[in-house]
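Report on the following structure.
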Amino acid sequence: MPLNVILDQSEIVCCGSESNQEAEALKCIDGQCYRGGERCWNYWDQPMCNLQQQTDSGWNTCQESIKQSNIDKVQAAKSPIHLAALHGRTEALQWLLQEGEDVNRQLNDGSTPLHVAALTSEGEDVVHFLLSNGADSRLVNSSGATPLHWFTQYGRIRATALILSQSGDPNSLNQSQNSPLHMASFQNHQDIAQLLLAFGANPNIQNAHGRTPFEVGLFSMAQPPFHMI
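In structure tokens:
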């Protein structure tokens, strides 16, 4: 069944709450998790969320819908350089830059081509080219997220390593005070978490909810990463 048809039903539960039969059960509405009328942000919101659910189709559906919404915004904006980054078209990017296009052009929501490259696996292939041609990994979008926030959220470890090796900030905070390590933790990206820690990510940063990265995810780690010992 197409994703948009599923979402129109507004009955998909999220965050491992399939067994929650209460009226305030978590549901996916228009691609975002909610508990009752309140927006739910994954594992910190209630104890039910604090169990990693690798097969949690509700949460995964929400996340895929959010990502698709961002892709739709890029396509609707019709910015050639953003579309080239989205689809991993190095030759198109090279031509656009030769024609005077700004490698750091921002859409209305503040997203740069480097942000957009995080949305697809093909986009990850052009990260090195973008960085080599002046893409600024510290520019933020309207939610305060740097490209590193998006690459860690979507599990793009090659791009994460590239950005970190070129002075990307592993402790930058978005408007919700989440660091890239928080974003990796929400999705249980253990390999990316280890990489961020190796580049100096602070595991004790608290977000706007007062939670550290290891209080919102990565619960399946048998022991704290060696960087924390």
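The opening position of the sequence shown corresponds to residue 11 in this note's numbering, with each subsequent residue numbered one higher.
For glycine and all other residues, C-beta sits at the position ideal for the given N, C-alpha and C.
Discussion item. Tell me the residue span of the alpha helix (DSSP H) that contains T170.
Written reply: I167 to S175
Fill in: Beta-carbon proximity check, G227 vs P180, cutoff 9 Å
no
Fill in: Beta-carbon proximity of V137 to A127, cut-off 9 Å
yes
Discussion item. For R115 and P90, what's the separation of their Cα atoms in angstroms?
Written reply: 10 Å
Item to complete: Please say whether P213 and L183 have beta carbons closer to each other than 9 Å?
Response: No, Cβ-Cβ distance for L183 and P213 is not below 9 Å.
Practice prompt. Within the same chain, show all residues whose beta-carbon is closer than 6 Å to that of D276, passing over the 5 residues directly before and after it, in chain order.
Written response: The chain is shown from 11 up to 239; residue 276 falls before or after that span and cannot be answered.
Item to complete: Compare the beta carbon distance of G178 and L158 with 9 Å and say whether it is the shorter of the two.
Response: Yes, the Cβ-Cβ distance between G178 and L158 is below 9 Å.
Worksheet entry | Bounding residues of the alpha helix (DSSP H) (the contiguous stretch that carries A95) | P90 to L96
Item to complete: Buried or exposed for W160, please, with buried defined as at least 16 other CB atoms from any protein chain shown within 10 angstroms of its CB.
Response: buried
Worksheet entry | alpha helix (DSSP H) segment containing A208, residue limits | Q200 to A208
Discussion item. Comparing C-alpha positions only, which one of E74, S75, E109 and L141 sits nearest to A95?
Written reply: L141
Item to complete: Thinking I173 and D201 are a contact (beta carbons under 8 Å), I'd like their distance in whole angstroms, please.
Response: No, I173 and D201 are not in contact; Cβ-Cβ is about 15 Å, not under 8 Å.
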